[in-house]
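A quick write-up on the structure given underneath.
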Amino acid sequence: MTSAPRQPIFGDLPQVHFSPRRNWLNDPNGLVFHDGEYHLYYQYNPEGYDHGYMSWGHASSADLVTWREHPVALPYTDEAEVYSGSIVWDGEGDAGFGPALVAFYTAHSSVRRHQAQSVAYSHDGGLTWTQYEGNPVLDRDSGDFRDPKVLRYSGPAGDYWVMSAVEAVAQRVVFYRSSNLLDWELLSEFAAPQVGDGIWECPDLFPLFVDGEERWVLIISLGMAPLVGGFGTIYFVGSFDGATFVPEGDFRLLDHGRDNYAGVTFYGLPDQDRTLIAWMANWIYARELPVNADEPRRGSMTLARRLSLVDVDGSYMLRQVPVMTECAVVGQADAVSAGEPVRVPVSVPACCRIDLAIDLGDADGARIRLRHDDAGAGGVVLGYTGALGEVTLDRSAVGAEFPSNFRAGQSMPTFGGTKLALALWLDLTSIEAFADDGIATLTSLIGVPDGDGLTVEGIGGEVAVSVTVSVPVS
(Lines of atoms letter the chains of each structure in order from A and count residues from 1; the text may use other names and numbers.)
(Lines give C-alpha, C1' and ligand atoms only; values in the text may rest on other atoms or scores of the structure.)
Protein backbone atom coordinates (compact mmCIF):
# COMPACT_ATOMS: atom_id res chain seq x y z
CA MET A 1 0.00 0.00 0.00
CA THR A 2 1.41 3.39 -1.03
CA SER A 3 0.98 6.19 1.49
CA ALA A 4 -0.22 9.62 0.39
CA PRO A 5 2.55 12.15 -0.25
CA ARG A 6 3.41 14.36 2.70
CA GLN A 7 1.80 17.78 2.47
CA PRO A 8 4.21 20.74 2.67
CA ILE A 9 4.31 22.74 5.88
CA PHE A 10 5.67 26.17 6.71
CA GLY A 11 9.34 25.73 7.52
CA ASP A 12 10.08 23.23 4.75
CA LEU A 13 13.14 24.06 2.64
CA PRO A 14 12.47 26.32 -0.34
CA GLN A 15 13.77 25.28 -3.76
CA VAL A 16 15.56 28.38 -5.12
CA HIS A 17 16.05 30.51 -2.00
CA PHE A 18 18.83 29.82 0.47
CA SER A 19 17.81 28.60 3.91
CA PRO A 20 19.95 26.54 6.32
CA ARG A 21 18.89 22.97 6.92
CA ARG A 22 18.49 23.73 10.62
CA ASN A 23 18.40 26.58 13.09
CA TRP A 24 18.08 30.35 12.80
CA LEU A 25 19.19 32.69 10.00
CA ASN A 26 18.90 36.45 9.63
CA ASP A 27 21.06 39.15 7.96
CA PRO A 28 23.27 38.30 4.98
CA ASN A 29 26.93 39.04 5.77
CA GLY A 30 30.21 39.02 3.89
CA LEU A 31 28.77 38.64 0.41
CA VAL A 32 31.80 38.12 -1.83
CA PHE A 33 32.55 36.73 -5.29
CA HIS A 34 35.92 34.97 -5.22
CA ASP A 35 37.62 32.47 -7.54
CA GLY A 36 34.47 32.00 -9.59
CA GLU A 37 32.14 31.32 -6.66
CA TYR A 38 29.60 33.39 -4.80
CA HIS A 39 29.97 33.22 -1.03
CA LEU A 40 27.06 34.00 1.26
CA TYR A 41 27.79 34.36 4.96
CA TYR A 42 24.89 35.10 7.28
CA GLN A 43 23.79 35.64 10.84
CA TYR A 44 23.30 32.15 12.23
CA ASN A 45 22.48 30.52 15.56
CA PRO A 46 24.25 27.13 15.67
CA GLU A 47 22.41 26.27 18.90
CA GLY A 48 18.77 26.59 17.87
CA TYR A 49 16.03 28.17 15.77
CA ASP A 50 15.62 31.43 17.70
CA HIS A 51 17.87 34.48 17.63
CA GLY A 52 20.95 34.03 19.83
CA TYR A 53 24.57 32.83 19.94
CA MET A 54 25.11 34.80 16.77
CA SER A 55 27.79 33.42 14.45
CA TRP A 56 28.48 33.53 10.74
CA GLY A 57 27.05 30.64 8.75
CA HIS A 58 28.42 30.03 5.26
CA ALA A 59 27.09 28.86 1.90
CA SER A 60 28.50 29.04 -1.62
CA SER A 61 27.09 28.87 -5.13
CA ALA A 62 28.20 28.94 -8.74
CA ASP A 63 24.95 30.50 -9.98
CA LEU A 64 23.27 32.31 -7.02
CA VAL A 65 20.42 29.78 -7.13
CA THR A 66 21.81 26.40 -6.02
CA TRP A 67 23.61 26.74 -2.69
CA ARG A 68 25.99 24.43 -0.82
CA GLU A 69 26.00 24.82 2.97
CA HIS A 70 29.36 24.80 4.78
CA PRO A 71 30.35 24.54 8.46
CA VAL A 72 30.07 27.64 10.62
CA ALA A 73 32.70 30.15 9.49
CA LEU A 74 32.96 32.53 12.46
CA PRO A 75 31.54 31.05 15.70
CA TYR A 76 30.48 33.00 18.75
CA THR A 77 32.70 32.94 21.83
CA ASP A 78 32.13 33.43 25.54
CA GLU A 79 33.33 37.01 25.12
CA ALA A 80 31.35 38.13 22.09
CA GLU A 81 28.85 37.19 19.42
CA VAL A 82 29.70 37.73 15.76
CA TYR A 83 27.28 40.29 14.37
CA SER A 84 26.91 41.55 10.80
CA GLY A 85 29.72 42.72 8.53
CA SER A 86 31.43 42.27 5.18
CA ILE A 87 34.35 40.63 3.34
CA VAL A 88 36.89 41.96 0.84
CA TRP A 89 39.67 40.33 -1.17
CA ASP A 90 43.00 41.84 -0.08
CA GLY A 91 45.03 40.63 -3.02
CA GLU A 92 47.94 43.01 -2.36
CA GLY A 93 48.23 42.03 1.29
CA ASP A 94 47.55 45.54 2.59
CA ALA A 95 46.63 44.18 6.03
CA GLY A 96 49.85 42.18 6.36
CA PHE A 97 48.17 38.78 6.09
CA GLY A 98 49.41 38.16 2.55
CA PRO A 99 46.80 37.69 -0.19
CA ALA A 100 43.68 36.86 1.82
CA LEU A 101 39.97 37.27 2.22
CA VAL A 102 39.48 39.73 5.08
CA ALA A 103 36.25 39.74 7.09
CA PHE A 104 35.00 42.70 9.11
CA TYR A 105 32.36 42.00 11.72
CA THR A 106 30.80 43.59 14.77
CA ALA A 107 31.96 41.97 18.00
CA HIS A 108 28.90 42.25 20.22
CA SER A 109 29.13 41.86 23.98
CA SER A 110 25.69 41.74 25.58
CA VAL A 111 27.27 41.67 29.06
CA ARG A 112 29.10 44.95 28.51
CA ARG A 113 26.53 46.25 26.01
CA HIS A 114 29.40 47.11 23.73
CA GLN A 115 29.95 46.87 19.97
CA ALA A 116 33.23 47.31 18.08
CA GLN A 117 34.61 46.22 14.71
CA SER A 118 36.92 43.22 14.47
CA VAL A 119 38.80 41.41 11.70
CA ALA A 120 39.43 37.80 10.65
CA TYR A 121 41.23 36.50 7.57
CA SER A 122 41.20 33.39 5.40
CA HIS A 123 43.81 31.80 3.13
CA ASP A 124 41.66 28.89 1.91
CA GLY A 125 38.90 30.65 0.02
CA GLY A 126 36.74 31.49 3.02
CA LEU A 127 36.30 28.05 4.58
CA THR A 128 38.40 28.63 7.71
CA TRP A 129 39.29 31.88 9.43
CA THR A 130 41.96 33.26 11.75
CA GLN A 131 41.16 36.05 14.17
CA TYR A 132 43.42 39.10 14.03
CA GLU A 133 45.38 39.34 17.27
CA GLY A 134 44.92 43.12 17.46
CA ASN A 135 41.10 43.06 17.56
CA PRO A 136 39.10 45.20 17.70
CA VAL A 137 40.38 47.43 14.92
CA LEU A 138 37.76 50.16 15.42
CA ASP A 139 36.11 51.02 18.72
CA ARG A 140 33.96 54.10 19.40
CA ASP A 141 33.11 53.03 22.97
CA SER A 142 29.53 52.54 21.83
CA GLY A 143 26.80 49.99 22.40
CA ASP A 144 25.25 50.55 18.97
CA PHE A 145 28.18 50.85 16.53
CA ARG A 146 27.80 48.05 14.00
CA ASP A 147 27.49 46.53 10.52
CA PRO A 148 30.81 47.46 8.81
CA LYS A 149 30.62 47.37 4.99
CA VAL A 150 34.00 47.84 3.29
CA LEU A 151 34.80 48.70 -0.33
CA ARG A 152 37.82 49.85 -2.30
CA TYR A 153 37.54 53.50 -3.35
CA SER A 154 39.50 54.78 -6.33
CA GLY A 155 38.85 58.34 -7.48
CA PRO A 156 40.08 61.93 -7.47
CA ALA A 157 40.68 61.79 -3.70
CA GLY A 158 42.98 58.77 -3.94
CA ASP A 159 42.95 55.00 -3.72
CA TYR A 160 42.08 53.48 -0.34
CA TRP A 161 39.61 51.37 1.62
CA VAL A 162 36.34 52.90 2.83
CA MET A 163 34.17 51.52 5.62
CA SER A 164 30.50 52.38 6.11
CA ALA A 165 29.01 51.53 9.51
CA VAL A 166 26.18 52.84 11.69
CA GLU A 167 25.55 54.39 15.03
CA ALA A 168 22.20 52.64 15.05
CA VAL A 169 20.26 54.51 17.71
CA ALA A 170 21.74 57.90 16.79
CA GLN A 171 20.65 57.27 13.17
CA ARG A 172 23.97 58.04 11.53
CA VAL A 173 26.10 56.36 8.91
CA VAL A 174 29.79 56.86 9.71
CA PHE A 175 32.44 56.68 7.00
CA TYR A 176 36.09 55.74 7.65
CA ARG A 177 39.17 55.31 5.46
CA SER A 178 42.22 53.08 5.73
CA SER A 179 45.28 52.13 3.72
CA ASN A 180 45.85 48.82 5.53
CA LEU A 181 42.36 47.64 6.62
CA LEU A 182 43.45 47.80 10.26
CA ASP A 183 43.92 51.50 11.12
CA TRP A 184 40.86 53.61 10.41
CA GLU A 185 40.40 57.39 10.17
CA LEU A 186 36.97 59.05 10.41
CA LEU A 187 35.92 60.75 7.17
CA SER A 188 32.39 62.00 7.75
CA GLU A 189 28.93 61.21 9.06
CA PHE A 190 25.61 61.10 7.25
CA ALA A 191 22.20 61.79 8.80
CA ALA A 192 18.70 62.23 7.38
CA PRO A 193 16.26 63.60 9.98
CA GLN A 194 13.35 63.35 7.52
CA VAL A 195 13.43 59.56 7.88
CA GLY A 196 11.87 59.87 11.34
CA ASP A 197 12.02 57.51 14.30
CA GLY A 198 13.75 54.14 14.34
CA ILE A 199 17.22 52.64 14.28
CA TRP A 200 19.62 52.42 11.32
CA GLU A 201 21.37 49.20 10.33
CA CYS A 202 23.31 47.48 7.53
CA PRO A 203 24.56 50.41 5.40
CA ASP A 204 25.93 49.74 1.93
CA LEU A 205 27.60 52.41 -0.21
CA PHE A 206 28.48 51.65 -3.84
CA PRO A 207 28.78 53.29 -7.27
CA LEU A 208 26.61 52.69 -10.33
CA PHE A 209 26.80 54.30 -13.75
CA VAL A 210 23.73 55.70 -15.48
CA ASP A 211 23.78 57.54 -18.80
CA GLY A 212 27.58 57.38 -18.70
CA GLU A 213 27.83 59.20 -15.37
CA GLU A 214 28.77 57.81 -11.97
CA ARG A 215 26.25 57.97 -9.15
CA TRP A 216 26.58 56.54 -5.65
CA VAL A 217 23.85 54.60 -3.86
CA LEU A 218 23.56 54.42 -0.07
CA ILE A 219 21.30 51.67 1.29
CA ILE A 220 20.14 51.79 4.92
CA SER A 221 17.89 49.32 6.74
CA LEU A 222 15.43 50.86 9.19
CA GLY A 223 14.29 49.11 12.35
CA MET A 224 11.33 49.96 14.57
CA ALA A 225 10.55 52.73 12.10
CA PRO A 226 6.99 53.98 11.43
CA LEU A 227 8.10 55.03 7.93
CA VAL A 228 8.39 51.38 6.84
CA GLY A 229 5.73 49.92 9.11
CA GLY A 230 8.34 48.48 11.46
CA PHE A 231 11.28 47.11 9.47
CA GLY A 232 12.33 47.86 5.90
CA THR A 233 15.04 49.35 3.73
CA ILE A 234 15.55 52.71 2.04
CA TYR A 235 18.13 54.08 -0.37
CA PHE A 236 19.55 57.43 -1.42
CA VAL A 237 21.17 58.28 -4.76
CA GLY A 238 23.87 60.93 -4.75
CA SER A 239 27.60 61.60 -4.96
CA PHE A 240 30.62 60.48 -2.94
CA ASP A 241 33.92 62.33 -3.22
CA GLY A 242 35.93 59.82 -1.24
CA ALA A 243 34.97 61.39 2.07
CA THR A 244 31.37 62.62 2.11
CA PHE A 245 28.12 61.26 0.70
CA VAL A 246 25.72 63.93 -0.58
CA PRO A 247 22.22 62.82 -1.66
CA GLU A 248 20.71 64.37 -4.78
CA GLY A 249 17.15 63.93 -3.59
CA ASP A 250 15.09 62.27 -0.91
CA PHE A 251 15.13 58.58 -0.01
CA ARG A 252 13.08 55.85 -1.65
CA LEU A 253 11.95 52.44 -0.45
CA LEU A 254 14.06 49.56 -1.71
CA ASP A 255 11.11 47.16 -1.42
CA HIS A 256 7.45 47.64 -0.51
CA GLY A 257 6.82 44.24 1.09
CA ARG A 258 7.09 43.33 4.74
CA ASP A 259 9.83 40.72 4.33
CA ASN A 260 12.90 42.36 2.85
CA TYR A 261 15.52 43.55 5.35
CA ALA A 262 19.28 44.00 5.78
CA GLY A 263 19.97 43.76 2.05
CA VAL A 264 23.60 44.23 0.96
CA THR A 265 25.61 43.70 -2.23
CA PHE A 266 28.46 41.41 -3.22
CA TYR A 267 32.09 42.51 -3.19
CA GLY A 268 34.37 41.37 -6.01
CA LEU A 269 31.98 41.34 -8.96
CA PRO A 270 33.00 42.96 -12.26
CA ASP A 271 32.40 46.69 -12.62
CA GLN A 272 28.74 47.65 -12.76
CA ASP A 273 27.57 44.21 -11.68
CA ARG A 274 25.85 45.03 -8.39
CA THR A 275 23.98 42.06 -6.95
CA LEU A 276 22.01 42.22 -3.70
CA ILE A 277 20.58 39.63 -1.32
CA ALA A 278 18.37 40.41 1.70
CA TRP A 279 16.87 38.58 4.65
CA MET A 280 13.32 37.50 3.84
CA ALA A 281 11.58 38.06 7.16
CA ASN A 282 10.53 40.80 9.57
CA TRP A 283 11.64 41.22 13.18
CA ILE A 284 8.03 42.00 14.16
CA TYR A 285 7.11 38.32 13.86
CA ALA A 286 10.23 36.43 12.73
CA ARG A 287 10.73 34.71 16.09
CA GLU A 288 7.10 33.54 16.20
CA LEU A 289 6.82 31.88 12.79
CA PRO A 290 5.96 28.16 12.69
CA VAL A 291 8.76 25.64 12.26
CA ASN A 292 9.13 22.16 10.79
CA ALA A 293 9.46 19.93 13.86
CA ASP A 294 11.63 17.39 11.99
CA GLU A 295 14.16 20.00 10.82
CA PRO A 296 13.43 23.14 12.84
CA ARG A 297 14.65 26.26 11.07
CA ARG A 298 13.67 29.89 10.70
CA GLY A 299 14.85 32.30 8.04
CA SER A 300 15.69 32.42 4.35
CA MET A 301 17.16 34.86 1.87
CA THR A 302 15.54 36.66 -1.03
CA LEU A 303 16.47 35.82 -4.57
CA ALA A 304 19.66 37.54 -5.64
CA ARG A 305 18.85 40.74 -7.54
CA ARG A 306 20.98 42.64 -10.03
CA LEU A 307 20.78 46.39 -9.51
CA SER A 308 20.92 49.26 -11.97
CA LEU A 309 19.86 52.91 -11.97
CA VAL A 310 17.09 54.25 -14.19
CA ASP A 311 16.26 57.89 -14.93
CA VAL A 312 12.57 58.41 -14.14
CA ASP A 313 11.36 61.94 -14.84
CA GLY A 314 14.70 63.46 -13.92
CA SER A 315 15.42 61.45 -10.78
CA TYR A 316 17.17 58.11 -10.37
CA MET A 317 15.54 54.92 -9.13
CA LEU A 318 16.94 51.45 -8.57
CA ARG A 319 15.84 48.66 -10.88
CA GLN A 320 16.01 45.14 -9.44
CA VAL A 321 16.15 42.09 -11.71
CA PRO A 322 16.08 38.65 -10.04
CA VAL A 323 18.85 36.20 -10.88
CA MET A 324 17.53 32.80 -11.96
CA THR A 325 18.61 29.77 -13.95
CA GLU A 326 16.84 28.84 -17.18
CA CYS A 327 13.09 28.35 -16.85
CA ALA A 328 10.68 26.30 -18.95
CA VAL A 329 7.08 27.29 -19.68
CA VAL A 330 4.61 24.78 -18.24
CA GLY A 331 1.36 26.66 -18.73
CA GLN A 332 -0.17 29.59 -20.62
CA ALA A 333 -3.74 30.81 -20.72
CA ASP A 334 -5.93 33.89 -21.11
CA ALA A 335 -9.10 34.71 -19.22
CA VAL A 336 -11.74 37.44 -18.93
CA SER A 337 -13.82 38.32 -15.87
CA ALA A 338 -16.71 40.79 -15.80
CA GLY A 339 -17.19 40.64 -12.05
CA GLU A 340 -17.35 36.97 -11.10
CA PRO A 341 -14.23 34.95 -10.19
CA VAL A 342 -13.01 33.04 -13.26
CA ARG A 343 -10.62 30.09 -12.93
CA VAL A 344 -7.67 30.44 -15.30
CA PRO A 345 -6.80 27.01 -16.81
CA VAL A 346 -3.24 26.79 -15.50
CA SER A 347 -1.68 25.06 -12.50
CA VAL A 348 0.56 26.95 -10.09
CA PRO A 349 3.45 24.78 -8.80
CA ALA A 350 4.98 25.39 -5.37
CA CYS A 351 8.07 26.90 -7.03
CA CYS A 352 7.51 28.88 -10.21
CA ARG A 353 7.56 32.16 -12.07
CA ILE A 354 4.23 33.66 -13.10
CA ASP A 355 4.06 36.43 -15.68
CA LEU A 356 0.76 38.30 -15.44
CA ALA A 357 -0.43 40.80 -18.03
CA ILE A 358 -3.49 42.60 -16.68
CA ASP A 359 -5.73 44.79 -18.86
CA LEU A 360 -8.35 46.65 -16.85
CA GLY A 361 -10.11 48.19 -19.84
CA ASP A 362 -12.77 50.37 -18.22
CA ALA A 363 -12.81 48.38 -14.95
CA ASP A 364 -11.75 49.88 -11.64
CA GLY A 365 -9.42 47.07 -10.72
CA ALA A 366 -8.63 43.37 -10.66
CA ARG A 367 -8.21 40.69 -8.04
CA ILE A 368 -5.98 37.63 -8.60
CA ARG A 369 -6.11 34.68 -6.20
CA LEU A 370 -3.08 32.35 -6.36
CA ARG A 371 -2.67 28.79 -5.06
CA HIS A 372 -6.25 28.40 -3.87
CA ASP A 373 -7.98 25.06 -3.31
CA ASP A 374 -10.51 23.37 -5.59
CA ALA A 375 -13.32 25.40 -4.00
CA GLY A 376 -11.54 28.67 -4.80
CA ALA A 377 -10.66 29.39 -1.17
CA GLY A 378 -7.39 30.16 0.58
CA GLY A 379 -4.14 31.08 -1.09
CA VAL A 380 -2.79 34.59 -1.49
CA VAL A 381 -4.65 37.48 -3.13
CA LEU A 382 -3.14 40.21 -5.30
CA GLY A 383 -5.14 43.30 -6.15
CA TYR A 384 -4.57 46.08 -8.65
CA THR A 385 -6.33 49.45 -8.82
CA GLY A 386 -5.57 51.38 -11.98
CA ALA A 387 -6.50 54.85 -10.74
CA LEU A 388 -4.23 54.51 -7.71
CA GLY A 389 -1.58 52.52 -9.56
CA GLU A 390 -1.38 50.28 -6.51
CA VAL A 391 -0.73 46.55 -6.19
CA THR A 392 -1.92 45.01 -2.91
CA LEU A 393 -1.15 41.66 -1.31
CA ASP A 394 -3.41 39.84 1.14
CA ARG A 395 -1.97 36.80 2.95
CA SER A 396 -4.56 36.73 5.74
CA ALA A 397 -5.77 33.22 4.80
CA VAL A 398 -2.84 31.62 6.67
CA GLY A 399 -3.57 29.23 9.51
CA ALA A 400 -4.03 29.90 13.21
CA GLU A 401 -0.41 28.92 13.90
CA PHE A 402 0.74 32.28 12.49
CA PRO A 403 0.96 35.36 14.74
CA SER A 404 -1.86 37.85 14.22
CA ASN A 405 0.50 40.63 13.10
CA PHE A 406 1.58 38.45 10.16
CA ARG A 407 -1.80 39.02 8.51
CA ALA A 408 -1.49 42.77 7.88
CA GLY A 409 -1.94 43.87 4.27
CA GLN A 410 0.79 45.19 1.98
CA SER A 411 0.86 47.49 -1.02
CA MET A 412 3.25 48.54 -3.78
CA PRO A 413 2.93 51.71 -5.89
CA THR A 414 3.42 51.41 -9.65
CA PHE A 415 3.36 53.85 -12.54
CA GLY A 416 -0.36 53.08 -12.85
CA GLY A 417 -2.61 52.90 -15.88
CA THR A 418 -5.06 50.38 -17.26
CA LYS A 419 -2.36 47.84 -18.13
CA LEU A 420 0.09 46.20 -15.75
CA ALA A 421 2.78 43.56 -16.25
CA LEU A 422 3.76 41.64 -13.11
CA ALA A 423 6.53 39.08 -12.72
CA LEU A 424 5.95 36.89 -9.67
CA TRP A 425 8.43 34.43 -8.17
CA LEU A 426 6.86 31.91 -5.81
CA ASP A 427 8.87 29.40 -3.80
CA LEU A 428 6.76 27.36 -1.39
CA THR A 429 6.23 30.03 1.30
CA SER A 430 7.38 33.25 -0.35
CA ILE A 431 6.43 35.58 -3.17
CA GLU A 432 8.55 38.28 -4.81
CA ALA A 433 6.66 40.64 -7.12
CA PHE A 434 8.30 42.89 -9.73
CA ALA A 435 6.45 45.62 -11.63
CA ASP A 436 7.53 48.44 -13.96
CA ASP A 437 10.47 46.35 -15.18
CA GLY A 438 11.77 45.90 -11.63
CA ILE A 439 11.51 49.50 -10.43
CA ALA A 440 8.69 48.47 -8.08
CA THR A 441 9.18 45.37 -5.91
CA LEU A 442 7.29 43.65 -3.10
CA THR A 443 8.68 40.74 -1.07
CA SER A 444 6.49 38.73 1.28
CA LEU A 445 6.35 35.44 3.12
CA ILE A 446 3.10 33.58 2.53
CA GLY A 447 1.51 30.37 3.74
CA VAL A 448 2.00 26.99 2.10
CA PRO A 449 -0.16 26.35 -0.99
CA ASP A 450 -3.80 25.49 -0.35
CA GLY A 451 -3.91 24.20 -3.93
CA ASP A 452 -2.65 25.05 -7.40
CA GLY A 453 -5.49 27.25 -8.63
CA LEU A 454 -5.38 30.75 -10.13
CA THR A 455 -8.51 32.90 -10.38
CA VAL A 456 -9.12 36.38 -11.80
CA GLU A 457 -11.94 38.70 -10.79
CA GLY A 458 -12.81 42.02 -12.43
CA ILE A 459 -13.85 44.88 -10.14
CA GLY A 460 -16.28 47.43 -11.57
CA GLY A 461 -15.99 46.16 -15.12
CA GLU A 462 -14.44 43.59 -17.43
CA VAL A 463 -10.81 42.58 -16.89
CA ALA A 464 -8.61 40.50 -19.20
CA VAL A 465 -5.49 38.64 -18.06
CA SER A 466 -2.79 36.66 -19.79
CA VAL A 467 -0.92 34.18 -17.59
CA THR A 468 2.34 32.35 -18.27
CA VAL A 469 3.73 29.86 -15.73
CA SER A 470 7.37 28.75 -15.84
CA VAL A 471 9.52 26.55 -13.61
CA PRO A 472 13.30 26.42 -13.09
CA VAL A 473 14.87 23.79 -15.35
CA SER A 474 17.40 22.60 -12.77
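Per the working numbering, the very first residue in the sequence shown carries number 511; after that it's consecutive.
Ideal placement from N, C-alpha and C gives every residue a C-beta, glycine not left out.
As the structure is a computational prediction, the values presented were derived from the model and not from experiment.
Residue range of the beta strand (DSSP E) that includes residue i
i	result
PHE719	709-720
GLN627	624-632
LEU648	648-652
ILE787	784-789
PHE750	740-750
GLY595	591-600
ILE864	861-869
ARG532	Run containing ARG532: none; DSSP gives neither H nor E here.
TYR554	547-555
ALA612	Note on residue identity: the sequence assigns Val, not Ala, to residue 612. 610-619 is the extent of the beta strand (DSSP E) around VAL612.
TYR568	For the sequence presented, residue 568 should be read as His rather than Tyr. From DSSP, the beta strand (DSSP E) with HIS568 extends over 565-571.
GLN920	920-923
HIS882	875-882
GLY644	It is not in any beta strand (DSSP E) - GLY644 carries neither H nor E in the DSSP assignment.
LEU584	578-584
GLY841	837-847
THR587	Note, THR587: premise wrong, no beta strand (DSSP E); not H, not E.
TRP935	929-937
TRP671	668-677
Option nearest residue i by Cα separation, candidates the options
i	options	result
LEU661	GLY909, GLY540 and ALA803	GLY540
GLU911	VAL801, ALA572 and ARG650	VAL801
GLU798	ASP588, GLY708 and GLY809	GLY809
ILE794	PRO859, LEU903, LEU955 and ALA667	LEU955
GLN830	VAL856, TRP534, GLY636 and ILE949	ILE949
ARG917	GLU805, ASP937, VAL833 and ASP769	ASP769
PRO556	GLY567, GLU967, HIS624 and ALA791	GLY567
ALA583	PRO658, GLU758, LEU936 and GLY636	GLY636
TYR663	VAL846, PHE750, GLU723 and THR616	PHE750
ALA701	GLY971, ASN690, ALA678 and ASP721	ALA678
GLU850	ALA572, GLN641, GLY778 and ILE969	ILE969
ALA931	THR953, ASP765, VAL822 and ILE864	ILE864
VAL839	ARG905, VAL977 and VAL676	VAL977
TRP671	GLY653, LEU691, PHE719 and GLN681	LEU691
GLY722	GLY558, ASP669 and ASP821	ASP821
ARG622	ALA572, ASP588 and ALA933	ASP588
ASP844	CYS837, GLU836 and VAL854	VAL854
ARG816	VAL846, THR924 and VAL774	VAL774
LYS929	GLY778, ALA945, SER940 and ASN915	ALA945
LEU786	ASP651, ASP765 and ALA848	ASP765
SER619	VAL983, GLY739 and TYR563	TYR563
Beta-carbon proximity of residue i to residue j, cut-off 7 Å
i	j	result
ILE878	LEU892	yes
VAL612	TYR593	no
PRO585	SER565	yes
ASP783	SER857	no
VAL683	PRO703	no
ARG881	LEU819	no
PHE607	GLN627	no
VAL833	LEU574	yes
TRP694	LEU648	yes
ASP600	TRP789	no
VAL958	PRO518	yes
PHE685	LEU697	yes
VAL979	CYS862	yes
GLY888	ALA907	yes
ASN792	PHE741	yes
PHE528	MET811	yes
GLY767	THR953	yes
GLY875	THR895	yes
SER921	GLU942	no
TYR777	VAL542	yes
ASP657	ALA675	yes
ASP883	ASP823	no
HIS624	GLY653	yes
ASP506	VAL526	Limits of the chain in this structure are 511 at one end and 984 at the other, which puts residue 506 out of reach.
Within the chosen definition, does the stretch 743-756 reach the stretch 548-563 through at least 3 CB pairs nearer than 8 Å?
-> no
Which ranges would you report for the beta strand (DSSP E) in the stretch 946-979 if only whole runs of at least 3 residues count?
-> 950-955 and 963-969
Beta strand (DSSP E) segments (min. 3 residues) lying fully within the stretch 786-833 | 815-822 and 825-832
Touching by the beta-carbon criterion (3+ pairs, under 8 Å), the stretch 754-769 and the stretch 521-529 = no
Below 8 Å, can you find three or more Cβ-Cβ pairs linking the stretch 967-982 to the stretch 857-870?
-> yes
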